[in-house]
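Below is one structure, written out as structure tokens, with a few remarks after it.
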Amino acid sequence: MGKQQILIYSVYVILPIILLAKAKLAGKGEFNDAFSLEQVKAFQGFLALCIMLHHIGQKTCASWLFPKTRIVHGLDLFVPIGYLFVSFFLFFNGYGAYKSFHTKQNYLKGFVKKRILPVVLSLYTTTVIFFIVRLLVGEKMDLQGALLYLTSIKLCNPNTWYVIVLPFFYLAFYLAFKFIKKDSFAVTAVFGFVAAYMLLGTSIDHNSYLIRGEWWWNCVHLFPIGILFAKYEHKIIPHIQKHYYIYLIASVALLYPLYRYSVFAQDFFSYYGENFFAPDKVMRRRLTLISQMLVSTDFVLVCLLPGMKVKIGNKFLKFMGTITLEFYLIHGLFVELCDHTFDGGVPSPFTIKNVFLYVLVVFALGVPSAVLLKKLHALILGVGKNKKNASDKNAQKAS
């Protein structure tokens, strides 16, 4: 490895600095609100950077890359754990929906427009952007291929599985809490929907269309777990605070063994069911899934428990927290443009072999693109206009 490639290892120093800059430690016997919107958004901004490194790692040092001579080590840690980062988002998707339902008046009124439509819009705006770029870089497609891309039945933007499944989970939440009056039954209904989705996912072979592989369902259980946590938060938080260090030490100590067990399960049972021909392939997937459910749940705890003592939230993380969804969706465009091939097809036009430079370019182009994308979504949804109208009405009332 050349000296220039060694620079990529600096991310393991840079990331902790980004996370902990201006962090504040709670006093003895005191606890920070790890579930505050400010803290959660800041941490999600940090995880967005980790997801970017995960995607670049898949392009530079994943074991499946060919030829092997193109592998440049450095981001190896990030390659297999992308689903762990997303698990935190799914937990708070469920947590936030439940908390808002019980704290905001008429929360379900306009739920589809406020919660579901922005996610669907994000899916299709980035799909169109990727579609145009695919044509510009020379990808050949017939009418059927174009329609599959534009409908996202075949992923035009390869990183959109999250924004495809999330609207369905939100819709399940909406229908459950709108039509089921008993709260515990509504929570159970959402659990049932997500469980059914996971059972469906494990019964489908890896393919080119929807539910392509385990990353579509190996951490989605955190959505209903987030709901359940929110429901019993008034009991859970005091209990954790009372035995804080026991839970902290246990969750941190278990993380690596659980991760190693998940790796063992993938090797021994296999999501691929011995290339789909084993008669027990579905059972193999579900046994492997259980191992990843355990480690992803523990990962969320390992993220949350330190946050009860350490308050994060420097200006950079706060900023990243405002563009998390857009950055998640658009940074992959530059990952593909700077790779060897564009999403496994035609050669990429701007291949960058130096991994550290690759990371810098993707970040430098991804952030302003995410800001512009957020502005576009706000314009389409009329967010700014609605805020202005609300301000005008408040001003009139005040006068």
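Per this note's numbering, the very first residue in the sequence shown carries number 784; after that it's consecutive.
Backbone N, C-alpha and C fix where the C-beta goes; we use that ideal spot for every residue, glycine too.
No experiment lies behind these values; they were computed from the predicted model shown.
message = Between which residues of its own chain and F1052 is the CB-CB distance below 6 Å, once the five residues before and five after are set aside?
response = R1067, L1070, T1071
Backbone CA spacing between Y1044 and S1074 [nearest angstrom] = 7 Å
request  = Identify which residue in A880, L983, P1089 has its Cα closest to the Cα of F1012.
outcome  = Taking only the C-alpha atoms, the option nearest F1012 is A880.
ask   = For V1085, which residues of its own chain have a beta-carbon under 7 Å away from its beta-carbon, when the five flanking residues on both sides are left out?
value = S1034, V1035, L1038
message = Considering only the alpha carbon of each residue, which of K805, I801, V916 lies closest to G1128?
response = V916
ask   = Going by Cα to Cα distance, which pick from A978, A845, P1021, K1018 is closest to W1000?
value = A978
query = Would R898 be called buried (16 or more neighbouring beta carbons within 10 Å of its own) or exposed?
reply = Looking at its Cβ environment, which holds 16 or more other Cβ atoms inside 10 Å, R898 is buried.
ask   = Would you call P1040 buried or exposed, if buried means 16 or more other Cβ atoms sit within 10 Å of its Cβ?
value = exposed
request  = Return the Cβ separation of T1107 and A831 in integer angstroms, given the expectation that the two are a contact with Cβ distance under 8 Å.
outcome  = 5 Å
ask   = For F875 versus I834, is the C-beta spacing smaller than 8 Å?
value = No, the pair does not count as a contact, with Cβ atoms beyond the cut-off.
task = Would you check if the distance between the CB atom of T943 and the CB atom of L1148 is smaller than 8 Å?
result = With contacts defined by Cβ atoms closer than 8 Å, T943 and L1148 do not form a contacting pair.
task = To the nearest angstrom, report how far apart K773 and T1080 are at their CA atoms.
result = The structure shown does not extend to residue 773, since the chain is modelled only from 784 through 1182, so no value can be given for it.
query = Do you know whose CA, among K961, E1109, F976, Y953, lies nearest K1157's CA?
reply = E1109
task = Evaluate contact between the stretch 957-973 and the stretch 890-909, counting only Cβ atoms and requiring at least three cross-stretch pairs below 8 Å.
result = A contact exists between the stretch 957-973 and the stretch 890-909.
request  = Pick helix, strand or coil for K807, following the three-state DSSP scheme.
outcome  = Strand at K807.
inquiry  = Between the alpha carbons of I947 and Y980, how many angstroms are there, rounded?
reply    = 13 Å
message = Counting C-beta neighbours from all protein chains within 10 Å, is the total for A1173 16 or more, i.e. buried, or is it exposed?
response = Any reading at A1173 is ruled out, since the residue's pLDDT is 49, under 50, leaving its predicted position unreliable.
query = Per DSSP, what kind of secondary structure is K851 in: helix, strand or coil?
reply = helix
query = Excluding the five sequence neighbours on either side, which residues of its own chain have a C-beta within less than 7 Å of the C-beta of K1176, listed in chain order?
reply = With a pLDDT of 48 at K1176, under the threshold of 50, the predicted position of this residue should be treated as unreliable, though the coordinate-derived value follows. Same-chain partners within the cutoff: there are none.
query = Are at least three pairs of beta-carbons, each pair with one atom in the stretch 811-820 and one in the stretch 837-849, less than 8 Å apart?
reply = no
task = Report buried or exposed for L938, applying the criterion of at least 16 other Cβ atoms within 10 angstroms of its Cβ.
result = buried
query = Looking at C-alpha atoms only, which residue of L930, K965, G1096 is the closest neighbour of F818?
reply = G1096
task = Look at K801 and F826 and say whether their C-beta atoms are less than 8 Å apart.
result = Reading off the sequence, residue 801 comes out as Ile, not Lys. No Cβ-Cβ contact shorter than 8 Å links I801 with F826.
request  = May I have the straight-line CA-CA distance separating D1063 from V920, to the nearest angstrom?
outcome  = 42 Å
query = Can you list, in chain order, the residues of its chain whose CB lies under 6 Å from that of Y866, leaving out five sequence neighbours each side?
reply = Within the same chain, Y866 has close Cβ partners W998, N1001, C1002.
request  = Please classify L1100: is it buried, with 16 or more other beta-carbons within 10 angstroms of its beta-carbon, or exposed?
outcome  = Classification of L1100: buried, given that the 10 Å Cβ count is 16 or more.
request  = In the DSSP assignment, find the unbroken alpha helix (DSSP H) run with S1034 in it and report its ends.
outcome  = 1027-1051
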